[in-house]
Amino acid sequence: MTDPACATALRQAGLPFLLALAVFLGAGPAAARSAPPDCFQQPGQHCVETLRSLVEASVREIGDEGRRLRVQGQVAMALAEFGDMAAALDAAAAIPDEDQRAKALRFIAFQQLDRRDIEGAATTVRRIANPILRDDVLRSIAGSRARFGNVGAALATAETIGADYTRDYALADIAHARAKTGDLQGAFTIIGGIQRPALRAAVISDLAVLRVRAGEVEAALAAVRRIEDEEARVAALGRMAQLVLAGGDRNRTLAILAAASAIAQGIDDPERFDSALLTVVMGKAGAGFPVSAFADAILISDLEQSARAFIHIAGAHAKAGEAQAALAAFDEIRARADLAKDQRQGDLIRVRLAIAEAAQGHVERAFNTAAEVADHAVRDNGLYEVTATLANASDLENGGDLGNAKSAAARIGSDATRAEALLLVARSAAKDGESGHARALLNEAVATARQHADEKRRAGVLLRVVEAQVATELMADALATARAIESGRHRALALEAVAGQLSAAGDHDEARRLLAEAQSAVSQLADAEDRFDALRGVASMQARAGYADMAVATAETLPDDDHQAFALGAVAMAQLRGKDFVGARATVLRIRDEAARREMQIRVALGLMEHILGGGAPEQ
Numbered sequence: 002m003t004d005p006a007c008a009t010a011l012r013q014a015g016l017p018f019l020l021a022l023a024v025f026l027g028a029g030p031a032a033a034r035s036a037p038p039d040c041f042q043q044p045g046q047h048c049v050e051t052l053r054s055l056v057e058a059s060v061r062e063i064g065d066e067g068r069r070l071r072v073q074g075q076v077a078m079a080l081a082e083f084g085d086m087a088a089a090l091d092a093a094a095a096i097p098d099e100d101q102r103a104k105a106l107r108f109i110a111f112q113q114l115d116r117r118d119i120e121g122a123a124t125t126v127r128r129i130a131n132p133i134l135r136d137d138v139l140r141s142i143a144g145s146r147a148r149f150g151n152v153g154a155a156l157a158t159a160e161t162i163g164a165d166y167t168r169d170y171a172l173a174d175i176a177h178a179r180a181k182t183g184d185l186q187g188a189f190t191i192i193g194g195i196q197r198p199a200l201r202a203a204v205i206s207d208l209a210v211l212r213v214r215a216g217e218v219e220a221a222l223a224a225v226r227r228i229e230d231e232e233a234r235v236a237a238l239g240r241m242a243q244l245v246l247a248g249g250d251r252n253r254t255l256a257i258l259a260a261a262s263a264i265a266q267g268i269d270d271p272e273r274f275d276s277a278l279l280t281v282v283m284g285k286a287g288a289g290f291p292v293s294a295f296a297d298a299i300l301i302s303d304l305e306q307s308a309r310a311f312i313h314i315a316g317a318h319a320k321a322g323e324a325q326a327a328l329a330a331f332d333e334i335r336a337r338a339d340l341a342k343d344q345r346q347g348d349l350i351r352v353r354l355a356i357a358e359a360a361q362g363h364v365e366r367a368f369n370t371a372a373e374v375a376d377h378a379v380r381d382n383g384l385y386e387v388t389a390t391l392a393n394a395s396d397l398e399n400g401g402d403l404g405n406a407k408s409a410a411a412r413i414g415s416d417a418t419r420a421e422a423l424l425l426v427a428r429s430a431a432k433d434g435e436s437g438h439a440r441a442l443l444n445e446a447v448a449t450a451r452q453h454a455d456e457k458r459r460a461g462v463l464l465r466v467v468e469a470q471v472a473t474e475l476m477a478d479a480l481a482t483a484r485a486i487e488s489g490r491h492r493a494l495a496l497e498a499v500a501g502q503l504s505a506a507g508d509h510d511e512a513r514r515l516l517a518e519a520q521s522a523v524s525q526l527a528d529a530e531d532r533f534d535a536l537r538g539v540a541s542m543q544a545r546a547g548y549a550d551m552a553v554a555t556a557e558t559l560p561d562d563d564h565q566a567f568a569l570g571a572v573a574m575a576q577l578r579g580k581d582f583v584g585a586r587a588t589v590l591r592i593r594d595e596a597a598r599r600e601m602q603i604r605v606a607l608g609l610m611e612h613i614l615g616g617g618a619p620e621q
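Residue numbers (our numbering): 2 to 621.
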């Protein structure tokens, strides 16, 4: 039986669905300030029944089937998230669509596992009809049982998983849990059941890492020997070597890497041979053994892999203060570029070399190397990377080199790419506190970008310049750049960036004027779909800035119901994030499309429910 008077009072109070859920979850006292007192101060059985019926009616009133199913799932998941598993399971059981029901049940099961209710999750998973989702939950149940020491039950759960792929991962989880208890032999027994060799190798590698961290290097080596695949064994030894080196044992590090080298050199497949040797070279160079790394690097036949190897070697020599040896390694890279039969491959190797030379401070060499690149686009992109390397040198505490970074940018042929490079240098200058230098560079970037023929690319670069000007607090410059952008959509985004900063600084009048200007800019777009999309974006930005009245007015200029619903939905969500629940509800009621309106009403309700259950009081 339901109480008609209570139902009427709840409807008049607004958001009946939310209030229903709030009481249903036992949050009566917290919600009392915005609800009829007879239901929330003394919620008798008649009110509970009323509230239940309102919940069901709110969902039934959604006419669109897809939206209704989605909301039913959201309700079930919300109930689970707030801890009422019985209600969540009842709500999920009422979902007629099998896939939506399975998704809700999967979420509920994971919430149960988060609360350490493993047996509850095991009961829930039996209701999931979708085998993929069921296997996903079973894997987590198996892992949870193993972590709490019940390995037998974990293995039994893993055996019920239908897909080999997921079952392998469940066994991997169980093996990890077993190894952490110190039972290596038990872990290896479990690993033996994993069908995929690559995953078996990865788990053994993880176990070896655990042994090294425990100081048991010999046990770790014994574990790695169980990996069948040579390349995977080399990779595992590389991980071990890093940990041993971190512990300060350089001699043992070199011995491990030497063993890895021997294994790599026994691989027959040329591609896997090169890949494994590169792993060894990187390990040796990183550990400070560049001479030994050189002996492996010269065996690598793939030119690009070989070039990468010698870059690491050059870095190791440079770190040790061996400048001539580093240059010799660079010469090896250049030789490989010269050997390339394909021009593009040679160009790419030269670009990689130029970047490495710049990173080590050999700027003129880097410029000369870049000049050897024949392909214009590759050369421009390479010089952009060189610019970035030099501009970011201060972040690496190498002293910074903004002058050479600008020089690198000046060598770029493409106007747009050159402007992007100047923007990089400007940002680094600003980061280093050189605001005057940054401003000059940004102005140069603007002038350069304007020379580019393609309007879209030009507008994109100028938009990023505006964002940099805003970040550097050059607001007048940013506004001038924004207004000079020809593309209405990009100009609107730029104006929004300026407005957002002004709003954050408290200059609301100017911020509102600029957002109105942004709206005007996109209102002129010729293509209706582009115009609608852009106006939706403007409305969202106005709402995020806290100007809900503007955002609602912008959204209501949209003649298309779907776009209007999307825009007002975005406004309502922004109001929700700002805890303006009453405003959010009012915004949602403006949505013309009934199905969209009802879905958003329930999303607002869920947002307010979360606020109430988190201890907040609804705004009046």
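All C-beta atoms, glycine included, are put in the ideal place defined by N, C-alpha and C.
Check	Outcome
Whole-angstrom Cβ separation of L699 and A389, contact assumed at under 8 Å?	Missing from the structure shown is residue 699; the chain here goes from 2 to 621 and no further.
Could you check which residue in G289, I268, V235 and V281 has the C-alpha nearest to that of G249?	G289
Residue range of the alpha helix (DSSP H) that F368 falls in?	V364 to A372
Assign V282 to buried or exposed, taking buried as 16 or more other Cβ atoms, counted over all protein chains shown, within 10 Å of its Cβ.	buried
In the segment 494 to 569, which residue ranges form an unbroken alpha helix (DSSP H) of at least 4 residues, counting only runs that do not cross its ends?	509 to 524, 529 to 545 and 549 to 556
If you run the structure through DSSP and keep just helix, strand and coil, what is N393?	helix
May I have the straight-line CA-CA distance separating G187 from R179, to the nearest angstrom?	7 Å
May I have a chain-ordered list of the alpha helix (DSSP H) segments no shorter than 4 residues that lie completely inside the segment 66 to 145?	66 to 82, 86 to 94, 99 to 115 and 119 to 126
For R593, which three-state DSSP category applies?	coil
The alpha helix (DSSP H) that contains K285, what's its start and end?	P271 to G287
I'd like to know whether the C-beta atoms of A265 and T254 end up nearer to each other than 9 Å.	no
Put I314 into one of helix, strand or coil per three-state DSSP.	helix
What is the DSSP secondary structure of H491, reduced to helix, strand or coil?	helix
Excluding five sequence neighbours on each side, which residues of the same chain lie with their C-beta closer than 6 Å to the C-beta of A498?	V467, E468 and V471
Specify, as a first and last residue, the run of the alpha helix (DSSP H) that R428 falls within.	D416 to K432
Start and end of the alpha helix (DSSP H) containing T190?	L185 to I192
With H, G and I counted as helix, E and B as strand and the rest as coil, what does DSSP make of I334?	helix
Can E600 and D65 be called in contact, C-beta distance under 9 Å?	yes
Short of 8 Å in beta carbon distance, which residues of its chain neighbour N382, apart from the five on each side in sequence? Order them along the chain.	V352 and T418
Can you list, in chain order, the residues of its chain whose CB lies under 7 Å from that of G584, leaving out five sequence neighbours each side?	A549 and Q576
Counting C-beta neighbours from all protein chains within 10 Å, is the total for P291 16 or more, i.e. buried, or is it exposed?	buried
With a threshold of 6 Å on Cβ separation, who are the neighbours of V204 within its own chain once the five nearest residues in sequence on each side are excluded?	A173, A176 and I192
Smallest Cα separation from Q196: which of F567, Y170 and A409?	Y170
Could you tell me the boundaries of the alpha helix (DSSP H) in which T482 lies?	M476 to R484
Can you give the Cα-Cα distance for A256 and G239, rounded to whole angstroms?	11 Å
Excluding sequence positions up to five away, which residues of its chain have a Cβ less than 6 Å from the Cβ of T190?	none
Is D136 buried or exposed, if buried means 16 or more other CB atoms sit within 10 Å of its CB?	buried
What does the Cβ neighbour count give for G287, buried or exposed, with the cut at 16 atoms within 10 Å?	buried
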